[in-house]
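Contents: one structure, followed by commentary.
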Amino acid sequence: MFWNPRIERMPQKEIEEYQERKLRALIHNVYNHSAFYRRKFKEAGVNPWDFSGRKDLHKLPFTKKQDLRDNYPFGMFAVPISQIVRFHASSGTTGKPTVVGYTANDIECWAESLCRGLVSCGVSRDDVIQISYGYGLFTGGLGFHYAAEKVGATVLPTSAGNTARQIELMKDLKTTVIACTPSYMLYLAEYAYKNGVSLKDETELKLGIFGAEPWSEETRKRIEEKVGIDAYDVYGTSELSGPLFTECTEKCGVHIWADHFLIEIVDPDTGEQLSEGEKGELVVTTLSKEALPLIRWRTGDVTLMENEKCACGRTHPRIMRILGRTDDMIIVRGVNVFPSQIEHVLMQIPEVGEHYMILLDRKDDGLDVMTVQVELSEKAEVDKVSDMLELERKITEKLKSVLNVTAKVEVVNPGTLQRFEGKAKRVIDRRKI
Amino acid sequence: MVEFEDNVIRQLSVFVENKPGRLAAVTEILYKEKINIKAFTIAEAGDFGIIRMVVDRTDDAYRCLKDAGFTVTLTRVLGVEVEDEPGGLYRIAKALGDQGINIEYVYAFTYGGDRALIILRVDDIEGAAKILDSRGSLYKEKN
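If you read the sequences in order, they're chains H and V. Take 120 as the starting number for the first sequence in the numbering used here and just add one per residue. Take 16 as the starting number for the second sequence in the numbering used here and just add one per residue.
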């Protein structure tokens with residue numbers, strides 16, 4: 120099934136011609152309407168009138184997460200705020216969020232992209248879709264919500280959490296499709312099992328769309344076996360809009376809608392373009408976004424690209440599973456965490472030292488646990504146990520307020536954590552993904 | 016011998032992770048410096064513990080534990096002589112409680128062969144010392 124058969128099956132030559140036209144228009148548009156891009160293009164010696172299209176793409180400067188932070192909140196917007204119909208925000212390394220904005224067209228285009236994905240996984244108006252991604256500033260919940268309504272499915276907007284209720288509603292309202300993080304799906308299955316409910320036998324679930332954190336083929340198999348559904352991958356980042364692209368029923372890569380997004384794979388160190396099949400950083404240029412157009416956006420996600428037409432008939436390029444990150448960002452329970460955020464919190468607490476470690480584990484029930492180890496400083500008073508517990512509680516609370524995710528805090532003796540001479544490797548990821 | 020400072024005992028508190036060998040590491044340092052432990056207790060709280068002790072050479076012990084990288088705090092505590100008969104501890108606890116003084120923790124050890132001494136941390140050390148001294152039960156420097 121197709122949502123937009125003409126576009127989804129458009130011959131690749133036509134897609135490329137379409138991209139050329141949109142790309143040239145985009146370069147002129149951002150040059151004229153965004154002080155940020157005009158400055159960046161001038162610095163890079165790029166004149167829109169000399170820009171011929173895709174073959175000149177490599178001459179354009181990259182856009183990075185730091186640009187969004189430096190221009191917080193509106194510096195990179197290319198339309199007046201009166202045209203913005205919605206904001207979303209994610210937490211940033213300094214505790215300052217990065218803000219993204221959408222025009223009415225941007226919301227429409229976002230929903231259109233995900234609609235194509237939903238239909239390619241087999242979602243239709245006959246389905247009841249339970250959206251267990253967080254609603255609110257996070258793009259997951261509302262992103263799925265708009266697309267699912269547009270498809271005509273029945274939406275059950277449970278948001279994340281309250282697992283007992285999720286399972287009760289799933290049974291009573293006969294949910295057929297679920298969208299959440301893969302780790303939450305495993306937790307739901309485990310929780311149901313412990314409470315005497317088999318999701319496989321006692322619900323109508325037939326498929327799930329999982330993302331917002333890295334996962335693997337092994338996890339797909341586990342989910343599919345435990346829950347008795349087909350599990351599909353979804354990709355997107357808040358900067359690009361939110362959840363945008365999914366696998367189709369072939370399960371061999373995520374289709375990237377090339378009429379709206381132009382992708383490249385580059386060497387994360389040199390920035391050189393890599394060819395199809397080579398592993399590198401995914402770089403995306405948004406061809407249709409109005410509020411916050413991104414030119415050569417460095418996603419930080421490592422993957423490889425496949426241009427071959429998919430067996431499902433779709434002609435748009437695909438990316439394979441996300442293999443890792445180029446920066447030190449970690450994803451815990453669907454939340455992006457930078458070690459520098461943790462460092463920033465710890466540095467404000469006089470009782471702890473400047474050295475720390477972050478340990479990531481995945482429990483048997485599928486939930487991720489982040490442990491932050493910190494050393495006591497000279498200033499710590501260590502006589503009363505209650506003071507020490509209070510210190511741990513204080514650190515936990517401050518971390519939670521900045522990271523939006525709970526970390527277990529372990530205080531250790533000074534000088535016992537690993538020291539680094541070169542680039543610090545403070546994250547030990549012991550999760551089996 | 017216990018060292019006093021205005022009839023107050025200086026106690027060492029050492030933070031240790033709840034891991035094998037940590038207590039050995041602390042006591043080995045003291046042993047090598049020929050420091051004698053007079054009173055000792057461990058408060059355990061999940062993944063860490065706090066060793067509290069009274070030693071014969073407090074400043075030396077503080078310095079060598081610090082040098083070895085431990086987090087050490089000096090705390091002022093009171094020593095209380097308890098009569099060896101029913102109600103000994105009760106009378107002291109009541110005397111302090113009646114005056115609104117809170118006991119934060121307490122541990123005991125024996126000395127001089129047949130005598131029991133209790134180490135107290137209270138929220139008002141001067142007030143507690145006065146009450147205990149007036150009852151003749153404060154363990155203090157012999158003049």
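Built from N, CA and C at the ideal position, the CB exists for glycine as well.
What are the residues that DSSP puts in a beta bridge with residue i?
| i | result |
| --- | --- |
| Cys79 of chain V | Answer is none; Cys79 of chain V lacks a bridge partner. |
| Glu96 of chain V | V:Leu132 |
| Leu89 of chain V | V:Leu27 |
| Val504 of chain H | DSSP lists no partner for Val504 of chain H. |
| Ile477 of chain H | H:Val491 and H:Val546 |
| Asp420 of chain H | H:Arg444 |
| Leu153 of chain V | V:Val95 |
| Leu326 of chain H | H:Val296 and H:Asp349 |
| Gly399 of chain H | H:Thr422 |
| Gly280 of chain H | None; Gly280 of chain H has no bridge partner. |
| Ile248 of chain H | H:Val274 and H:Val296 |
| Glu366 of chain H | H:Val373 |
Near residue i, which residues of its chain fall below 8 Å by C-beta distance, leaving aside the five closest residues on each side in sequence?
| i | result |
| --- | --- |
| Leu406 of chain H | Gln138, Lys141, Leu142, Leu145, Asp378, His379, Phe380 and Leu381 |
| Phe196 of chain H | Ser153, Ile203, Gly220, Ala410 and Leu411 |
| Thr212 of chain H | Annotation note: pLDDT 48 at Thr212 of chain H (below 50); position unreliable, no value reported. |
| Thr294 of chain H | Val247, Ile248, Gln249, Leu275, Leu288, Thr322, Glu323 and Leu324 |
| Glu369 of chain H | Cys429, Ala430 and Cys431 |
Rounded to the nearest angstrom, how far is the Cβ of residue i from that of residue j, given a contact under 8 Å?
| i | j | result |
| --- | --- | --- |
| Val546 of chain H | Ile449 of chain H | 6 Å |
| Gly262 of chain H | Thr365 of chain H | With a Cβ gap of about 12 Å, Gly262 of chain H and Thr365 of chain H do not count as contacting. |
| Pro362 of chain H | Thr258 of chain H | 7 Å |
| Thr5 of chain V | Ala499 of chain H | This structure leaves residue 5 of chain V out entirely; chain V is present only between 16 and 158. |
| Val247 of chain H | Thr277 of chain H | Actually they are not in contact, since the Cβ atoms of Val247 of chain H and Thr277 of chain H sit about 11 Å apart, beyond 8 Å. |
| Ile286 of chain H | Tyr310 of chain H | 7 Å |
| Arg444 of chain H | Arg550 of chain H | That belief does not hold up - the Cβ atoms of Arg444 of chain H and Arg550 of chain H are roughly 13 Å apart, past 8 Å. |
| Phe63 of chain V | Val530 of chain H | 6 Å |
| Arg106 of chain V | Ile140 of chain V | Between Ile140 of chain V and Arg106 of chain V the Cβ distance is about 19 Å, and since that is not below 8 Å, they are no contact. |
| Ile118 of chain V | Ala108 of chain V | 7 Å |
| Phe121 of chain H | Val238 of chain H | 6 Å |
| Thr300 of chain H | Phe329 of chain H | 6 Å |
| Ala188 of chain V | Asn22 of chain V | Past the edges of chain V, shown from 16 to 158, lies residue 188 of chain V, and the structure says nothing about it. |
Quick one: what's got a C-beta closer than 7 Å to residue i's C-beta in the same chain, skipping five residues either side?
| i | result |
| --- | --- |
| Ile50 of chain V | Val70, Asp71, Arg72, Asp75 and Ala76 |
| Val373 of chain H | Asp352, Tyr354, Phe364, Thr365, Glu366, Arg437 and Ile438 |
| Thr222 of chain H | Val198, Gln202, Ile203, Val204, Glu409 and Ala410 |
| Leu292 of chain H | Val247 and Leu275 |
| Glu395 of chain H | Met424, Glu425 and Asn426 |
Classify residue i as helix, strand or coil using the three-state DSSP reduction.
| i | result |
| --- | --- |
| Lys527 of chain H | strand |
| Ser407 of chain H | coil |
| Ala377 of chain H | coil |
| Val274 of chain H | strand |
| Phe155 of chain H | helix |
| Asp349 of chain H | strand |
| Pro216 of chain H | coil |
| Gly361 of chain H | strand |
| Thr182 of chain H | strand |
| Trp229 of chain H | helix |
| Ser171 of chain H | coil |
| Ala60 of chain V | strand |
| Gly260 of chain H | helix |
| Asn148 of chain H | helix |
| Glu32 of chain V | strand |
| Tyr303 of chain H | helix |
| Met120 of chain H | coil |
| Asn158 of chain V | The predicted model places Asn158 of chain V with a pLDDT of 46, which falls under 50 and marks its position as unreliable, so this point remains unresolved. |
What does a CB cutoff of less than 6 Å around residue i pick up in its chain, not counting 5 residues either side in sequence?
| i | result |
| --- | --- |
| Lys517 of chain H | Val464 |
| Thr56 of chain V | Arg67 and Tyr122 |
| Asp548 of chain H | Leu479 |
| Glu18 of chain V | Thr73 |
| Leu510 of chain H | Glu470 |
| Ala230 of chain H | Tyr265, Ala266 and Lys269 |
| Asp225 of chain H | Lys408, Glu409 and Ala410 |
| Val454 of chain H | Asn523 and Val524 |
So if I threshold CB-CB distances at 9 Å, which residues from the region 484 to 507 of chain H count as touching chain V?
For the region 484 to 507 of chain H, the beta-carbon criterion of a distance under 9 Å to any beta-carbon of chain V is satisfied by Glu494, Leu495, Ser496, Glu497, Ala499, Glu500, Val501, Asp502, Lys503, Val504, Ser505 and Met507.
Proximal residues, the region 47 to 62 of chain V versus chain H, C-beta separation under 9 Å:
Answer set for the region 47 to 62 of chain V: Ala58, Glu59, Ala60, Gly61 and Asp62.
Name, going along the chain, the residues of the region 79 to 99 of chain V whose beta-carbon falls closer than 8 Å to a beta-carbon of chain H.
Going along the region 79 to 99 of chain V in chain order, one finds Gly84, Phe85, Thr86, Val87, Thr88 and Thr90 with a Cβ nearer than 8 Å to chain H.
Closer than 8 Å, Cβ to any Cβ of chain V: which residues of the region 513 to 530 of chain H, in chain order?
Listed by position, the residues of the region 513 to 530 of chain H near chain V (Cβ gap below 8 Å) are Glu529 and Val530.
Quick one: which residues of the region 447 to 472 of chain H get their C-beta closer than 9 Å to a C-beta of chain V? List them in chain order.
Within the region 447 to 472 of chain H, no residue qualifies.
When Cβ atoms are compared, which residues of the region 119 to 153 of chain V fall closer than 9 Å to chain H?
Under the 9 Å Cβ criterion, the region 119 to 153 of chain V contributes Glu119, Tyr120 and Arg136.
Could you please tell me which residues of the region 144 to 176 of chain H, in chain order, have their CB closer than 7 Å to any CB of chain V?
Nothing from the region 144 to 176 of chain H brings a Cβ to less than 7 Å from some Cβ of chain V.
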